[in-house]
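Q:
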Amino acid sequence: MSSESEHSIARLVVGSEKFEILINPEKAWQLKQGAKVDVKEVMINDVIYKDARKGLRASRETLQKNFRTLDPYEIGKVIVLRGEIQLTARQRRELIENKRKQIITFISRNCVDSKTELPIPPTRVEVLLNEVKVSIDPFKDAEEQALEVIKALKAKIPIKISKVVLEVKTSPQHASKVCSLLPRYGEVLRSQWLTDGSWKGEVEVPAGVQLELIDRLNKVTQGSVEVKVISKS
Numbered sequence: 057m058s059s060e061s062e063h064s065i066a067r068l069v070v071g072s073e074k075f076e077i078l079i080n081p082e083k084a085w086q087l088k089q090g091a092k093v094d095v096k097e098v099m100i101n102d103v104i105y106k107d108a109r110k111g112l113r114a115s116r117e118t119l120q121k122n123f124r125t126l127d128p129y130e131i132g133k134v135i136v137l138r139g140e141i142q143l144t145a146r147q148r149r150e151l152i153e154n155k156r157k158q159i160i161t162f163i164s165r166n167c168v169d170s171k172t173e174l175p176i177p178p179t180r181v182e183v184l185l186n187e188v189k190v191s192i193d194p195f196k197d198a199e200e201q202a203l204e205v206i207k208a209l210k211a212k213i214p215i216k217i218s219k220v221v222l223e224v225k226t227s228p229q230h231a232s233k234v235c236s237l238l239p240r241y242g243e244v245l246r247s248q249w250l251t252d253g254s255w256k257g258e259v260e261v262p263a264g265v266q267l268e269l270i271d272r273l274n275k276v277t278q279g280s281v282e283v284k285v286i287s288k289s
């Protein structure tokens, strides 16, 4: 079981019944996010409470009725996965900061200045994010929040989500490297091996990574690559 040096509460409400356990908040959050964490490392003790702050335990009858088991670790895992985690102030700050970075990355990768069609660097996005003073939810999906942030940023700069389709052609000796690189950046729409052994294809990528991708293609092929913009949206 986890140390009691720092703990929080996970809570699950089933009908009119409330069930709580004492947890290590970091381990609990990892488990909730799908990481392989032993629930015994999550729980501070093996007690299922109806009110942890008052030290009131849930009855065996209510546990059996609602969870069909009396195993505290099986019950504890259900509480963490289906319930609500009460975070410490420090962990909440860390989660908000991590979510903020994800939002900035999404905007920088997927958006361009609608006037210049140029990408918006992460540092610029961060400055703008501070100016519009949006609230970041540590639990809400980063992409969903980024879309709301983009709406707010339109009051500051001309910004839009944009994708670009690139035609890429490279020589036989570099074809395999290019074919493995492109899916990391976007969706390969077309792939064609030519009679001379060279490769040509089309890839759709977020507009914000276009220049980065072209730079990477030039590096892995020592400049033996042709890239042409087919369309923008």
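Read in the numbering used here, the sequence shown has 86 at position 30, and its numbers run on one by one without any break.
The beta carbon of each residue, even a glycine, is placed where N, CA and C say it ideally should be.
Note that this is a predicted model, so its numbers are computed, not measured.
(1) When the Cβ atoms of the region 166-186 are set against those of the region 224-242, are three or more pairs found closer than 8 Å?
(2) Does the contact criterion of 3 or more C-beta pairs under 8 Å hold for the region 251-261 versus the region 193-213?
(3) Leaving aside the five residues before and after L269 along the sequence, list all residues of the same chain whose C-beta is less than 7 Å from its C-beta, in chain order.
(4) Output needed for Y162: all residues of its chain with C-beta closer than 7 Å, excluding positions within five of it in sequence on either side, in chain order.
(5) Under three-state DSSP, which class holds T172?
(6) Could you tell me which whole beta strand (DSSP E) segments of length 3 or greater appear in the region 205-231?
(7) Check each candidate in F75, L68, S191 and Q89 and name the one with the smallest Cα separation from L112.
(8) Enumerated in chain order, which unbroken segments of the alpha helix (DSSP H) with a length of 4 residues or greater are wholly contained in the region 110-154?
(9) Do you know offhand how far S61's Cα is from P239's?
(10) In whole angstroms, what separates the C-alpha of Q147 from that of I192?
(11) Let's test the definition: count the other Cβ atoms within 10 Å of the Cβ of Q120 and tell me whether it reaches 16, buried, or not, exposed.
(12) Expressed to the nearest angstrom, what Euclidean distance is found between the alpha-carbon atoms of A283 and V220?
(13) Which whole-angstrom value describes the C-beta separation of G139 and A91, a residue pair presumed to lie in contact below a C-beta threshold of 8 Å?
(14) Exposed or buried, what is K155 when buried is set at 16 or more other beta-carbons lying within 10 Å of its beta-carbon?
(15) Please go through the same chain and pick out, in chain order, the residues whose beta-carbon is closer than 6 Å to the beta-carbon of V95, but skip the five residues on each side of it.
(16) DSSP on E60, reduced to helix/strand/coil?
(17) Roughly how far, in whole angstroms, is the beta-carbon of G264 from the beta-carbon of V190, given that I think they are within contact range, below 8 Å?
(18) Per DSSP, K157 is paired with what?
(19) Assign S115 to buried or exposed, taking buried as 16 or more other Cβ atoms, counted over all protein chains shown, within 10 Å of its Cβ.
(20) If you draw a straight line from the alpha carbon of V285 to that of E223, how long is it in whole angstroms?
(21) Taking buried to mean at least 16 other C-beta atoms within 10 Å of its own C-beta, is Q89 buried or exposed?
A: Quick answer:
(1) no
(2) no
(3) Y241 and V261
(4) Checking the displayed sequence, the identity of residue 162 turns out to be Phe instead of Tyr. These residues qualify, in order along the chain: A198, E199 and A202.
(5) coil
(6) 215-217 and 219-226
(7) F75
(8) 116-123 and 128-138
(9) Here the model assigns S61 a pLDDT of 48, short of 50, so the residue's position is not dependable and the matter cannot be decided.
(10) 14 Å
(11) exposed
(12) The question names Ala, yet the displayed sequence has Val at residue 283. If you take the alpha carbons of V283 and V220, they lie about 12 Å apart.
(13) Not a contact, Cβ separation roughly 17 Å.
(14) buried
(15) Y129, G132 and K133
(16) Bear in mind that the predicted position of E60 carries a pLDDT of just 48, short of 50, making it unreliable; the figure below should be weighed with that in mind. In the structure shown, E60 sits in coil (DSSP, three-state: anything other than H, G, I, E or B).
(17) Rounded, the Cβ-Cβ distance is 19 Å, inconsistent with contact.
(18) DSSP lists no partner for K157.
(19) exposed
(20) 6 Å
(21) exposed
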